[in-house]
Structures are given as C-alpha cells and as structure tokens.
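Protein chains in written order, with the working numbering: chain A, -9 to 256; chain B, 170 to 582.
Glycine included, every Cβ here is placed at the ideal spot set by N, Cα and C.
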C-alpha cells in the first residue's frame, strides 16, 4: 500500500500529463472544444426534463422551488450518475486503451486508475461548478449542506474505482466484460431513480430497489442535498461503504494477481 | 558492485485454444489446465557489472526481446528474479508506446514523464531532443504522419536525452536511416565512455563486435554462451550454418520470391552446394573478405565432353555480382559418368548483405547451348562486417587514402 502511494507520488508528473492529454485528446480537431463537455450532459438534461416533466407530467411531491424543482432533481441525479459511470466505463477499458504504453514502457500500472479518476473528477467539478452557478441564478443555492457531498462522492467513487479495477482487469482477458459493462450501465441507469422520482415506483418494489441498488440511495443523497437541503443520513449508507471497501479490495487483489499476465495478453 | 543480477529467470506465456478454455481454467481455480505453456525463456542467470556493454545475440524467437522487456520492467518474469540498480532507459521495438493522434512533442513529453522526469527538466531537455531527432517541423505534427524511421529518431532522442545508468536498445535502431544509425551509435559510444552500462540486441554482428565487450548467445530461450563477442559470434555463425534451413535465410529466399528453380536436360545432377569457412565448417555467414569454399557436388549421368561447372553470385536484388566457371579457370572435368566435387576457393570481398549462389553444369562456356542442370539460388549466404573499416556498396575494393597539404603554387595555378 505504502509502495503504491510512493509510486503514485513519484509518477505525479506522468499522471498529471496523462490527465492533460486526456482532455486535449477528447476535443482534438473540434472547433468548440471544451464546450462539448457541457453541451453533452446539458442536452441529456434537456431531453429528460422535456419528456418527464412536460410530456409525462411527472410531479415531484412536496417540492416546488420556484418551478425549478424537477430540473434541479434531474441535474443532481445526472451529475452524480455521469461521474460514476464515467469512471466505470473508462476503467473497464483503461488497460486496453493504454496497451501500447504498457507493453513498451515500464510505466507504473497502478497509476492508470488514478488517471481515470482524476480526469473524471475534473470533468465532474466543472459541471458541478456550472450547476452551482445555475442554482445561484435561480436563487436555490443550498449553502453549507453542500459539504455533505464529500462523503457521498467518496463512497460512490470508491464503488466506481473498485468495480472499474475488477472489470478493467477482466476485460483484458475476456473482452465480453467490457461490452457487458456498457449494457449493464444502461440498465442500471434506468433502475436508479434519476430521471424519475422514486414515488412513481410501485410501493412494493420501492424498498427492494433501495436495498438492492446501491446507487439508488447514493443518488438520493445528492437529490436530497440539492432539493431539500437535508444532509444524508449516514446510517443508511453502511452497506454502500462496505461495498466500496469490498470492491476496492477485490479490485486491488485482481489487479495484483493478474497484472503480470495482463501485459502478456495485450 | 553488480548492477544487474538475473537469477534463474524464466518467462512462460499461456496459450489457450480458445476463450472458453481460459474461462474453464479460471472457474476451476487452476485445477483444470487447459493452456499450453510456452516457455520463451528458461533458467537464465547472469550478472552485469557497471560500465559493461553486453550484446545479446540469437536467432528470431530466441527470447532476446522478452529478456529486454523483463529487464525494462514492462513484462513480468514467471520465475526467477531480476535485480537492477540505477536508472534504466529502454528503446524497445518501434517507438515508445507513442500515441498516433498526438504530436511528436506531446509524445516526447509523455515518454519523459514515464521516465520520471520533472516538468522543469523536460522543458530544459526538449530543445536537445528536438535538435537530436532532426525532425524539424514534424515535431509538432501528429505521430501518425511519421515514417517508421522518424518514430525511431524521436524515440532514440528521448531515450538518450539524459545519460542513463543502464541503456537497453532493441533492434529498433536498424529501422532508421544510415545517417541516423551512425549518429545514434556515436551517442551510445559517448554514454558508454562515460560509464553507462549497455544492453544491446542486434542482428548486426559488426555493431555487437565493435560496441560490446561481452556477448550473450540465446538459443530457444536458453543462455547457451556467455563470453567475448568474437568467439560468441563465431560460434553463432557456425550454429546458423548447422541449421541448414535457417529461418532468416529462408526469409531472404521467400523475399526474393524464386527459390531454387531447376532446369536442364538432366545429363548431370547437382547434388549439393555447400559453403564452408576456412576451418571447413559449413556456414552461411561470412565476414567481409573472409575466404570461403564453395563445394559443388555434381553427378554426371552419362558421358559428357567439355563439361563445365560454373557459379554465379547475385545480390539480394538479383544483380550479378560475380560469376566464373571451370572453363574460364582452365580446368577440365573428367568425362563422366560419375560423381565429381568442384571446389571454388574465393575471398568474399563483398559488402554486407545477403547474397545467393547459383550453380550450373553445362557444356563449354555457353550454358544456353547445352545445359545439364541449372540451379538458381542453390545457396544463400550473408556477409557481415569485419573489423576492417566499413564501406558502402557491394564490392570491397582494396583502398588506401593519403592526405596531403597542397603546396601554395599548386593552389594558385
């Protein structure tokens, strides 16, 4: 563990360089560049807002927030989900994506998850910043309760990184894993109350959904902070914390065990 | 103080017949072995002292590149251990894992970062990297526009930006143009003089001989010899020769496309064409100027008068380099029938490269008149550099040069 932290510190220049490269590469040969980073999620939010709040007339019970209730709800959920799925979907591909580097140089392999997480975090912070500006403009800035995001993010990204490490390692050996991940993420998104309120789920399924989908309560935590200004109740998150630690442990184990063979397979 | 210590090193690759087989093995937690173990290196032990220059020699597939990859740390050993002290810079294969969409400069920066250089150092080194690679405007073009030679130029310039304690060079350099090869060689020599330890894989025996003070010979994953480059290379040449259908030579044969076409009226049959070195050992590799014995075994199936056996050496492009026959040399052959050995002794004053020997038996000096057996590319051989100064072209002409200061009157005339 200490060895890994040390190698991260020693390769900080490389990590930072790769993060920069990631952003440069993403909008290479495009005119609008970084604007796409905002336009993509914005279009998603617009579509869901239109369909659910206007066409399907979904109502958020008990919240009004000057008519912005549904928009804030959906933004909070999508912001959090995108951060999560960004890390999972990039992690499952990270070893394959950097196969050329792994084969020909002795770059510290354990830096790859760090690069993925850092890139996704910067992206998330930019979007969060824009969202906060929007909240200020419509007069719904939540205030100090925002600090409640920090533990939420830690637990959520712990799950994402752990899961990503397991999937990314397996994907080198069985490419089906990567494909399956992308399909599963799509289902997972719709099985989580992000664009719809949990109240439209039939009552008998509601508890099961919250218990068996670890993301449901986490996303609910974000929505609570932005909509009602209530910090999440931490006693509810014990299973998620256990899951995050378990997945990180499993991912670390899988990576340690297979990282030698991994390069042979690239 | 040993710099590199390798003990009982082995590398095994697993080959699975298909993906299901791998899943089966995984699910059974390793109880069901469904893979074929492919050992590319086994039981390798050696030590390298600081400042040594070690050439690694061996045929394709001997495990040279795998060894370098493990020394560099990009591939993990299956068994045994490697201990290295000091900063390693490695140039394996083409490029250094460059990304085709990024510019040469961006890729160079990434490579420097992987080597653990700090931002200020990289900024300080960039002008030198740029100058050494001589890429000019290409430095800011995406890598996908580069030729393979340009990629090597960039990669070498990065690897050689800072003098490493250990420099590992795979055959990559042979891709570059001759000018850059020389330039990088002199850089490598400079490093060596300053105390850098060198591990060098090359198919160019001349480079190994002139640069290295020790050589390791790998064969089929085993370290079979460790010693002075001269003796190792001699041994290697003999080894190649013993494997008659040596892979490399077969490659040359298939590249030229026409392997051993035979024609003739069968009055005679060329049984074999052997190439031997001075000690009588069969070999396929000769040094520039080395004396060779080409032995043609011919069987005459019926009485033939005025029989002549000739040979023709061609370069890899099919140009005639040298041809002669027994008639021109004033030798008569017995009238047959029966077997006869014709032995040509000649100094191979040829430039480095691959050559073929065609042998023919015919009547008198014009083979077209009455050709008994004409065997194109009966043998293929390689000319490797000798200790003599290197030169360009296929003919090794004896040469001397004198330098004189012109007299004042001579200049004014």
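With distances taken Cα to Cα, identify the nearest neighbour of residue i among the options.
i                      : options                       : result
residue 140 of chain A : A/154, A/162, A/115 and A/160 : A/115
residue 515 of chain B : B/482, B/507, B/523 and B/225 : B/482
residue 86 of chain A  : A/154, A/202, A/205 and A/68  : A/154
residue 395 of chain B : B/381, B/386 and B/402        : B/386
residue 125 of chain A : A/62, A/89, A/239 and A/144   : A/62
residue 458 of chain B : B/204, B/559, B/404 and B/572 : B/559
residue 5 of chain A   : A/83, A/89 and A/106          : A/106
residue 517 of chain B : B/484, B/231 and B/261        : B/484
residue 487 of chain B : B/252, B/546 and B/317        : B/546
residue 306 of chain A : A/147, A/195, A/189 and A/117 : This structure leaves residue 306 of chain A out entirely; chain A is present only between -9 and 256.
residue 206 of chain B : B/231, B/179, B/307 and B/241 : B/179
residue 128 of chain A : A/-2, A/58, A/-5 and A/33     : A/58
residue 317 of chain B : B/251, B/342, B/364 and B/523 : B/342
residue 200 of chain B : B/209, B/190 and B/238        : B/190
residue 185 of chain A : A/72, A/135 and A/110         : A/72
Within the continuous alpha helix (DSSP H) that includes residue i, where are the two ends?
i                      : result
residue 522 of chain B : Note, residue 522 of chain B: premise wrong, no alpha helix (DSSP H); beta strand (DSSP E) at 522 to 532.
residue 255 of chain A : 228 to 255
residue 4 of chain A   : 2 to 16
residue 281 of chain B : 273 to 283
residue 555 of chain B : Segment: none, residue 555 of chain B is in no alpha helix (DSSP H) and carries neither H nor E.
residue 148 of chain A : 139 to 163
residue 194 of chain A : 193 to 202
residue 214 of chain B : It is not in any alpha helix (DSSP H) - residue 214 of chain B instead sits in the beta strand (DSSP E) that spans 205 to 217.
residue 347 of chain B : 347 to 362
residue 112 of chain A : 101 to 127
Just reading off the beta strand (DSSP E) that residue i is part of, what are its end residues?
i                      : result
residue 444 of chain B : 437 to 445
residue 513 of chain B : 507 to 516
residue 65 of chain A  : Residue 65 of chain A -> not in any beta strand (DSSP E); alpha helix (DSSP H) instead, spanning 59 to 87.
residue 173 of chain B : 173 to 184
Using 8 Å as the limit for Cβ to Cβ distance, is residue i near chain B?
i                      : result
residue 23 of chain A  : no
residue 241 of chain A : no
residue 163 of chain A : yes
residue 168 of chain A : no
residue 159 of chain A : no
residue 210 of chain A : no
With a threshold of 8 Å between beta carbons, is residue i in contact with chain A?
i                      : result
residue 308 of chain B : no
residue 286 of chain B : yes
residue 416 of chain B : Its pLDDT being 49, under 50, residue 416 of chain B is placed unreliably by the model, and the measurement read from it follows with that caveat. For residue 416 of chain B, the answer is no, since every Cβ of chain A falls outside 8 Å of its Cβ.
residue 182 of chain B : yes
residue 244 of chain B : yes
residue 325 of chain B : no
residue 266 of chain B : yes
residue 292 of chain B : no
residue 338 of chain B : no
residue 366 of chain B : no
residue 278 of chain B : yes
residue 173 of chain B : no
residue 320 of chain B : no
residue 275 of chain B : yes
residue 191 of chain B : yes
residue 427 of chain B : In this prediction, residue 427 of chain B has a pLDDT of 44, which is less than 50 and means its spatial position is unreliable; nothing more can be read from the coordinates.
residue 298 of chain B : no
residue 188 of chain B : yes
residue 413 of chain B : Its pLDDT being 45, under 50, residue 413 of chain B is placed unreliably in this model, and the value from its coordinates should be taken loosely. Answer no: the Cβ-Cβ gap between residue 413 of chain B and chain A never drops below 8 Å.
residue 419 of chain B : Note that residue 419 of chain B scores a pLDDT of 47, beneath 50, so its modelled location is shaky and nothing firm can be said.
Please list the partners that residue i has in chain B, where partner means a Cβ-to-Cβ separation under 9 Å.
i                     : result
residue 85 of chain A : Result: empty, since nearest Cβ-Cβ is about 13 Å, beyond 9 Å.
residue 1 of chain A  : 282, 283 and 285
Starting from residue i, find everything on chain A with Cβ-Cβ shorter than 8 Å and list it in chain order.
i                      : result
residue 271 of chain B : 11, 14 and 15
I want to check one thing, is the minimum distance from the CB of residue i to the heavy atoms of the ligand SAH below 7 Å?
i                      : result
residue 220 of chain A : Absent from the structure shown: the ligand SAH. Ligands present: none.
What does residue i touch in chain B if you count any residue whose Cβ is under 7 Å from its own?
i                      : result
residue 113 of chain A : Ordered by position in chain B, no residue passes the 7 Å Cβ test against residue 113 of chain A, which lies about 20 Å from the chain.
residue 97 of chain A  : 283
Applying a beta-carbon distance threshold of less than 8 Å, which residues of chain B neighbour residue i?
i                      : result
residue 254 of chain A : 182, 183 and 244
residue 18 of chain A  : 270
Hey, is the region 214 to 231 of chain B in contact with the region 218 to 237 of chain A, meaning 3+ C-beta pairs nearer than 8 Å? no
Could you tell me whether the region 168 to 176 of chain A touches the region 121 to 132 of chain A, using the rule of 3 or more Cβ pairs below 8 Å? no
Stretch pair the region 220 to 230 of chain B + the region 242 to 250 of chain B: three plus CB contacts closer than 8 Å: no
Stretch-stretch touch, CB-based, cutoff 8 Å, three pairs: the region 11 to 24 of chain A with the region 284 to 296 of chain B: no
Does the structure place the region 156 to 167 of chain A close enough to the region 245 to 254 of chain A that three or more beta carbon pairs sit under 8 Å? yes
The region 490 to 505 of chain B touching the region 549 to 558 of chain B, judged by at least three CB pairs closer than 8 Å: no
Tell me which residues of the region 535 to 562 of chain B have at least one Cβ-Cβ distance to chain C shorter than 7 Å, keeping chain order. This model lacks chain C altogether, as its protein chains are A and B.
Check whether the region 504 to 513 of chain B touches the region 457 to 472 of chain B, taking contact to mean three or more Cβ pairs, one atom from each stretch, closer than 8 Å. yes
Taking one C-beta from the region 75 to 84 of chain A and one from the region 22 to 41 of chain A each time, how about it: are there three or more such pairs within less than 8 Å? no
Does the count of Cβ pairs from the region 172 to 187 of chain B and the region 209 to 219 of chain A closer than 8 Å reach three? no
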